[in-house]
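This report concerns only the one structure given below.
Numbering (the working numbering), first residue to last: 7 to 671.
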């Protein structure tokens, strides 16, 4: 039976709770680039690691959303998160929010002095470029399509709609004949080049301003921001307004915890419940009046004999291999009970290596130590090797046990798994193991995988000796560019991020996969989960209120919110039940959000499966919705080719929306 506690691993019905979901659509036109919060730091991590590794040292006292730029090679001088300065920087003159502190500022001044630039005009320009590393948006300026840069994106009117001035040509004209020692431009000319000791000029590497700006300027066909010599330049601000309300339709009565789109790009999806059943279903096209096509007696995979399903246990996540359509590989994250299942046997996460004394665990009624386990297993579709995408069932036996670990307590074990869109590695979210305040400090312990995000290579299977030598938790290898491969020998090799309490849902921005967004459960009053996709939808556990947020300017991370009503469409395929004493539709308990291959967004709740549809179906007006937008697609157009009609694109652009659900019990 599904219960509220599964949502974030901590929900209790005996006290007030505010539950928060963040959803950003996959067709993201407006990823969030900055945030404010505690100055997170990672002692012992290199500057390269700090560019993507965000620690949350105070996670036990508050709810924290966080963002990790997915960059490895670029030596970013910042600590990974912009912070508010008490005093302006001496060299770079930044005040307010910055990615540099006084030490970083001094290093930049030292680097500038080593260039020995004699021309003052060129020196001024180069100083501006150096100091962009302190800009709150430096992650965007120095990363384009996941590729790290030595020089930030320079505004170029010839190429970029974002450029307010032609700063790129100004740099060329000012510095083209100036000899610069240790030039960052010469390093930018070759991806493999290191900073040269001898002097070089721009003309040594590029023949003209056209070549120079082609290499270092902004691009007209991307949404990237650029540096104009003064500040980050965004696209022109436009007047955006939210719809009058949010409209949903009900397409299914079942209660599911996860929905994953079929990797073949069709309208099929995989649905799983907490108990261990996985189904293959088809979703109807919006406006068709159809319902979720799912036969509950036709099960794709039944894991109920292996899975321990209880208040906070069960199937926690599904992930399909990037090459699933050819190899049929997929992975399931679940919990098991070693008392009930013989194969449920992993090392206990409370041990002497992490400074945890098992005798001090608050075991209930003499329960066994680490009785419940967190597991990731590999399975395969039941089909011929040439047509795995056509399979309607899976082979019920495990192909390989990827990960098994005994949990110290019965809560805070997260369990989501997903594949990185660029690197193909498996990301595994793990909570701190439970109990108030993380008494053993698992989340900050570099020798524990509790309270972490792990990054695993499931394509390269290690030998038994490798597993033993590295102390691995199962059959996976370590990506060479994981943080521990740099200069922190204390960090377990699996760890990609640490300091988490219970990361229920995380996601890569599919528009800009170098951005990874996550939400962590806070203590004691806020509980949240987040998907990153283009509009934001906040929905409460019982659906009492919703807000729409607008990001303006685009890409700025600056949001304003408006409270909105929400309704169920009158022509909904399945009638929505009203909340007693209210006109609002009853969603029941919200477990998660999901998205199909057509970019449609779903709410998975105890009262069924709901789809977010265009506002006009609930008689809400919407400035971005027109009658032309909702016209039927021409004959012969498939649902997949018609999926991003103008209305969808406009809604995703302007909804940038948050829907928050507050619970007061």
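Ideal Cβ placement from N, Cα and C applies to all residues, glycine included.
Practice item. Could you have a look at residue 97 and say whether DSSP puts it in helix, strand or coil? Key: As a working mapping, residue 97 is identified with position 91 in the chain shown. Looking at residue 97 - three-state DSSP - the assignment turns out to be coil, as it is neither helix nor strand.
**Study point:** Spatial distance of residue 191 from residue 109 (CA atoms)
**Key:** For the purposes of this step, residue 191 is taken as residue 185 along the chain shown, with counting starting at 1. For the purposes of this step, residue 109 is taken as residue 103 along the chain shown, with counting starting at 1. Cα to Cα, residue 191 sits roughly 24 Å from residue 109.
Exercise for review: Please classify residue 499: does DSSP put it in a helix, a strand, or coil?
Suggested key: What you label residue 499 is simply residue 493 of the chain shown in a count that begins at 1. Looking at residue 499 - three-state DSSP - the assignment turns out to be coil, as it is neither helix nor strand.
Point to revise | Selection from 604, 377, 614, 609 that minimises the alpha carbon distance to residue 583 | key: Here residue 583 is taken as the residue at index 577 of the chain shown, counted from 1. Selected option, being the one with the closest Cα: 614.
Check your understanding: Given a threshold of 16 other Cβ atoms within 10 Å of its Cβ, counted over all protein chains shown, does residue 467 qualify as buried or as exposed?
Key -> Your numbering for residue 467 matches position 461 in the chain shown. That one is exposed.
Exercise for review: Going by CA-CA distance only, name the one from 317, 139, 272, 97 that's closest to residue 288.
Suggested key: Locating residue 288 in the chain shown gives position 282, where the first residue counts as 1. Of 317, 139, 272, 97, the residue nearest in Cα terms is 272.
Check your understanding: Would you report the Cα separation of residue 623 and residue 279, rounded to the nearest angstrom?
Key -> Start at 1 with the first residue of the chain shown, and residue 623 comes out as number 617. Start at 1 with the first residue of the chain shown, and residue 279 comes out as number 273. Cα to Cα, residue 623 sits roughly 30 Å from residue 279.
Exercise for review: Go ahead and pull the three-state DSSP assignment for residue 223.
Suggested key: Within the chain shown, numbered from 1, the residue matching residue 223 stands at position 217. DSSP places residue 223 in strand when its eight states are reduced to three.
Point to revise | contact_flag[the segment 424 to 435, the segment 445 to 454] where n(CB pairs < 8 Å) is 3 or more | key: Contact between the segment 424 to 435 and the segment 445 to 454 is absent: fewer than three C-beta pairs spanning the two stretches fall below 8 Å.
Practice item. Less than 8 Å between the CB atoms is what I'm expecting for residue 185 and residue 207, so what's the real figure, rounded? Key: Counting from one through the chain shown, the residue named residue 185 turns up at place 179. Counting from one through the chain shown, the residue named residue 207 turns up at place 201. That belief holds up - the Cβ atoms of residue 185 and residue 207 are roughly 6 Å apart, short of 8 Å.
Review point. For residue 406, which residues from the same chain have a beta carbon less than 6 Å from its beta carbon, with the 5 sequence-adjacent residues on both sides left out?
Key: Along the chain shown, one-based indexing puts residue 406 at 400. 384, 481, listed in sequence order.
Check your understanding: First and last residue of the beta strand (DSSP E) that includes residue 574?
Key -> Start at 1 with the first residue of the chain shown, and residue 574 comes out as number 568. Boundaries of the beta strand (DSSP E) around residue 574: 572 to 574.
Exercise for review: Compute the beta-carbon to beta-carbon distance between residue 254 and residue 282, rounded to the nearest angstrom, for a pair I have assumed lies under 8 Å.
Suggested key: Position 248 of the chain shown holds residue 254. Position 276 of the chain shown holds residue 282. With a Cβ gap of about 28 Å, residue 254 and residue 282 do not count as contacting.
Check your understanding: Just checking, does the segment 288 to 306 make contact with the segment 356 to 376 on the three C-beta pairs under 8 Å criterion?
Key -> With the cut-off at 8 Å, the segment 288 to 306 and the segment 356 to 376 do not touch.
Check your understanding: In whole angstroms, what is the alpha-carbon distance linking residue 354 and residue 472?
Key -> On the chain shown, position 348 is the one that residue 354 refers to. On the chain shown, position 466 is the one that residue 472 refers to. Taking the CA atoms as reference points, residue 354 sits about 20 Å from residue 472.
Check your understanding: Exposed or buried, residue 526, counting other C-beta atoms within 10 Å across all chains shown (16 or more means buried)?
Key -> In the chain shown, residue 526 corresponds to position 520, counting from 1. Residue 526 should be labelled buried.
Review point. From residue 81 to residue 303, what does the alpha carbon distance come to, in whole angstroms?
Key: Looking up residue 81 in the chain shown gives position 75. Looking up residue 303 in the chain shown gives position 297. Residue confidence is low: residue 81 scores 28 on pLDDT, short of 50, so the model does not pin down where it sits. Its coordinate-derived value is still stated next. When rounded, the separation of the alpha-carbon atoms in residue 81 and residue 303 is 54 Å.
Review point. If you run the structure through DSSP and keep just helix, strand and coil, what is residue 191?
Key: Position 185 of the chain shown holds residue 191. DSSP places residue 191 in helix when its eight states are reduced to three.
Check your understanding: Which of the three DSSP states, helix, strand or coil, is assigned to residue 394?
Key -> Along the chain shown, read from residue 1 onward, the residue named residue 394 stands at position 388. Looking at residue 394 - three-state DSSP - the assignment turns out to be helix.
Practice item. Could you check which residue in 456, 175, 514 has the C-alpha nearest to that of residue 505? Key: Taking the chain shown and counting its residues from 1, one reaches residue 505 at position 499. Closest by alpha carbon: 456.
Practice item. Reducing DSSP to helix, strand and coil, say where residue 341 ends up. Key: The residue given as residue 341 occupies position 335 in the chain shown. Reduced to three states, the DSSP call for residue 341 is strand.
Exercise for review: With DSSP as the reference, please indicate the residues paired to residue 674 in a beta bridge.
Suggested key: There is simply no residue 674 to check, as the chain begins at 7 and stops at 671 in what is shown.
Point to revise | Buried versus exposed call for residue 422 [16 or more other C-beta atoms within 10 Å across all chains shown] | key: Sequence index remark: in the chain shown, residue 422 carries index 416 (1-based). Buried: at least 16 other Cβ atoms inside 10 Å.
Review point. Closest to residue 332 by CA distance: which of 392, 323, 476, 340 is it?
Key: As a first step, residue 332 must be located in the chain shown, where it is residue number 326. Looking from the CA of residue 332, the closest CA among 392, 323, 476, 340 belongs to 392.
Exercise for review: Confirm, please, whether the CB-CB distance from residue 262 to residue 593 is below 7 Å.
Suggested key: Within the chain shown, residue 593 is the residue found at index 587, counting from 1. Within the chain shown, residue 262 is the residue found at index 256, counting from 1. Not a contact, by the Cβ cut-off of 7 Å.
Check your understanding: Around the C-beta of residue 57, are 16 or more other C-beta atoms found within 10 angstroms, so that it is buried, or is it exposed?
Key -> One-based indexing of the chain shown puts residue 57 at position 51. Residue confidence is low: residue 57 scores 27 on pLDDT, short of 50, so the model does not pin down where it sits. Its coordinate-derived value is still stated next. Its Cβ being crowded by 16 or more others within 10 Å, residue 57 is buried.
**Study point:** Residue from 291, 284, 309 with nearest C-alpha to residue 301
**Key:** If you number the chain shown from 1, residue 301 lands on position 295. Ranking 291, 284, 309 by Cα distance to residue 301 puts 284 first.
Practice item. Answer with buried or exposed for residue 598, where buried requires no fewer than 16 other C-beta atoms within 10 angstroms of its C-beta. Key: To locate residue 598, count along the chain shown from 1; it is residue 592. Classification for residue 598: buried.
Check your understanding: Among 259, 161, 115, 305, which residue has its Cα nearest to the Cα of residue 222?
Key -> Position 216 of the chain shown, counted from the start, is the residue given in the question as residue 222. The option with the nearest alpha carbon to residue 222 is 161.
**Study point:** Minimum C-alpha distance to residue 389 - residue among 334, 424, 377, 342
**Key:** Taking the first residue of the chain shown as position 1, residue 389 is located at position 383. Looking at the Cα atoms, 334 is the closest of the given residues.
**Study point:** Closest by C-alpha distance to residue 327, when choosing among 516, 386, 347
**Key:** In the chain shown, the residue the question calls residue 327 occupies position 321. Closest by alpha carbon: 386.
Practice item. Go ahead and pull the three-state DSSP assignment for residue 140. Key: Position 134 of the chain shown holds residue 140. Looking at residue 140 - three-state DSSP - the assignment turns out to be helix.
Point to revise | Residues near residue 633 by beta carbon distance below 7 Å, same chain, minus five either side | key: Translated into positions along the chain shown, residue 633 becomes position 627. The pLDDT assigned to residue 633 is 49, lower than 50, so where the model puts this residue is not dependable; a value taken from the coordinates is nonetheless given after this. Excluding positions up to five away in sequence, the list is empty.
**Study point:** CB of residue 248 within 7 Å of CB of residue 568, strictly
**Key:** As a first step, residue 248 must be located in the chain shown, where it is residue number 242. As a first step, residue 568 must be located in the chain shown, where it is residue number 562. Yes; because the gap between Cβ atoms is below 7 Å, this pair is in contact.
Review point. Where does residue 591 fall in DSSP's three states?
Key: Taking the chain shown and counting its residues from 1, one reaches residue 591 at position 585. Here residue 591 carries a strand assignment [DSSP, helix/strand/coil].
Point to revise | CA-to-CA distance, residue 382 to residue 503, given in whole angstroms | key: Counting from one through the chain shown, the residue named residue 503 turns up at place 497. Counting from one through the chain shown, the residue named residue 382 turns up at place 376. If you take the alpha carbons of residue 503 and residue 382, they lie about 19 Å apart.
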